[in-house]
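Asker: Sharing a structure below in structure tokens format, with a few things to ask.
Chains as they are written, first to last, in the working numbering: chain L, 1 to 103; chain Y, 1001 to 1217.
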């Protein structure tokens, strides 16, 4: 079990932050979503959400595309394959590390 | 993460389970504008109207003949309901709720088997209901009220759904206790269910529109 616990030190810090984890978890559950949906769903402020999305985009976990739907401007966010793989790895690490810890 | 209700059992459990977190957030987002409740309420009112028309027009269908017709109406309507909600949301509320595209469902062989088994189980249950219905309508009204209430609670998992579900369940039980005529009972049960969910959904929708206007969205 200690080996599993030690893996926590290697966990991806970009995805580990609660706000970013929330964004990545949401994007993993949908095909794509726009900025407004993420804003209303996560409850993060627009500025905060924007900063976290930029960090995720820089890391290559989220792809952002600006487009229109009729007259409505959309900032569409999608989880990249890399982002999906990192989330899966994060999920496995957390489960193996904390799954057997007595609360 | 400002909302403490997003944490399940332990404080850090959210961090362990992104799937749970995403599911809960999406369910809350789905119910946030009240449109699903209004759709459910309109469906209940439609069912109430079907039973009322049947009763008022004195179409003396025995329960076992009316039920398949009602069930035949339920399936397409329940399947269309989420699409209707998404259409209305994308058409009128996209600036406030945002734009989202669900992932296409991955239908594996196992899932297909489970789906087929579920349909078979549903048909079996419907057959049992039909047999029971020929014995006593009071059990159907009470059972129908309780199951509708529980289903509503499962759909929403929020206090307003608990209240609506409880009202529907109590109505069903009371109708059963007083052994009300089946047609009238169904009209009242679905009418009460429809009215309370439409009212609750409308209040939520108005509050949502007001809040988003104040937030400048």
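Cβ coordinates follow ideal geometry from the N, Cα and C atoms, glycine included.
Using 7 Å as the threshold, is the C-beta distance between residue 1145/Y and residue 1172/Y below it?
Answerer: yes
Asker: Step through the CB atoms of chain L and report whether any lies within less than 7 Å of the CB of residue 1022/Y.
Answerer: yes
Asker: Check residue 1104/Y in the structure and name its three-state DSSP category.
Answerer: Three-state DSSP puts residue 1104/Y in coil, outside helix and strand.
Asker: Smallest Cα separation from residue 1138/Y: which of 1177/Y, 1157/Y and 1166/Y?
Answerer: Nearest C-alpha to residue 1138/Y: 1177/Y.
Asker: Just how far apart, CA to CA, sit residue 15/L and residue 35/L?
Answerer: 18 Å
Asker: The beta strand (DSSP E) spanning residue 1146/Y covers which residue range?
Answerer: Careful: residue 1146/Y lies outside any beta strand (DSSP E), inside the alpha helix (DSSP H) at 1137-1156.
Asker: Going by DSSP, name the residue or residues bridged to residue 74/L.
Answerer: Residue pairing by DSSP puts residue 74/L in a beta bridge opposite 67/L.
Asker: Since residue 57/L is in the beta strand (DSSP E), which residue starts that stretch and which ends it?
Answerer: Run containing residue 57/L: none in the beta strand (DSSP E); it sits in the alpha helix (DSSP H), 46-58.
Asker: Which residues bound the alpha helix (DSSP H) around residue 1019/Y?
Answerer: 1018-1031
Asker: So what does residue 33/L bridge to, in DSSP terms?
Answerer: DSSP output for residue 33/L lists 77/L and 1100/Y as bridge partner(s).
Asker: How about residue 82/L: is its C-beta nearer than 7 Å to some C-beta of chain Y?
Answerer: no
Asker: Output the boundary residues of the alpha helix (DSSP H) element that contains residue 1175/Y.
Answerer: Here the alpha helix (DSSP H) through residue 1175/Y covers 1159-1177.
Asker: Residues bridged to residue 62/L by DSSP?
Answerer: 79/L
Asker: Keeping to the same chain, check which residues put their C-beta closer than 6 Å to that of residue 1100/Y; ignore five residues upstream and five downstream.
Answerer: none
Asker: Between 1128/Y, 1038/Y and 1055/Y, which lies nearest to residue 1086/Y when the distance is taken from Cα to Cα?
Answerer: 1038/Y
Asker: Would you give the residue range spanned by the alpha helix (DSSP H) that residue 1041/Y belongs to?
Answerer: Residue 1041/Y -> alpha helix (DSSP H) spans 1035-1056.
Asker: Please report how far the alpha carbon of residue 91/L lies from the alpha carbon of residue 1018/Y, in whole angstroms.
Answerer: Looking at the two C-alpha atoms, the distance is approximately 7 Å.
Asker: Can you tell me whether residue 43/L is helix, strand or coil according to DSSP?
Answerer: coil
Asker: Cβ of residue 38/L within 7 Å of Cβ of residue 49/L?
Answerer: yes
Asker: So is residue 26/L buried or exposed if we call it buried at 16+ other beta carbons inside 10 Å?
Answerer: buried
Asker: By a C-beta neighbour count over all protein chains shown, 10 Å radius and 16 as the cutoff for buried, is residue 1203/Y buried or exposed?
Answerer: exposed
Asker: Taking DSSP as the reference, what is the three-state secondary structure of residue 11/L?
Answerer: coil
Asker: Considering only C-alpha positions, which residue in the set 1142/Y, 1209/Y, 1158/Y and 1159/Y is nearest to residue 1190/Y?
Answerer: 1142/Y
Asker: Below 8 Å on the Cβ atoms is my guess for residue 1033/Y versus residue 1111/Y; work out the distance and round it to an integer in Å.
Answerer: At roughly 30 Å, the Cβ-Cβ gap does not stay under 8 Å, so residue 1033/Y and residue 1111/Y are not in contact.
Asker: Which residue marks the beginning of the alpha helix (DSSP H) containing residue 1195/Y, and which one marks its end?
Answerer: Taken as a continuous stretch (DSSP letters only), the alpha helix (DSSP H) holding residue 1195/Y covers 1182-1214.
Asker: Pull up the distance between the alpha-carbon of residue 1091/Y and that of residue 8/L, whole angstroms please.
Answerer: 45 Å
Asker: Is there a C-beta anywhere in chain Y that falls below 7 Å from the one on residue 65/L?
Answerer: no
Asker: At 8 Å on the CB atoms, spell out the chain L contacts of residue 955/Y, in chain order.
Answerer: Absent from the structure is residue 955/Y, since the part of chain Y shown begins at 1001 and ends at 1217.
Asker: Just to make sure I have the definition right: I need the residues of chain Y whose C-beta is within less than 7 Å of the C-beta of residue 104/L. Which are they?
Answerer: This structure does not reach residue 104/L, given that chain L is present from 1 up to 103, and the question cannot be answered.
Asker: Quick one, which of 52/L, 41/L and 11/L has its alpha-carbon nearest residue 19/L's?
Answerer: 52/L
Asker: Please list the partners that residue 1029/Y has in chain L, where partner means a Cβ-to-Cβ separation under 8 Å.
Answerer: Here the neighbours are 37, 40 and 41.
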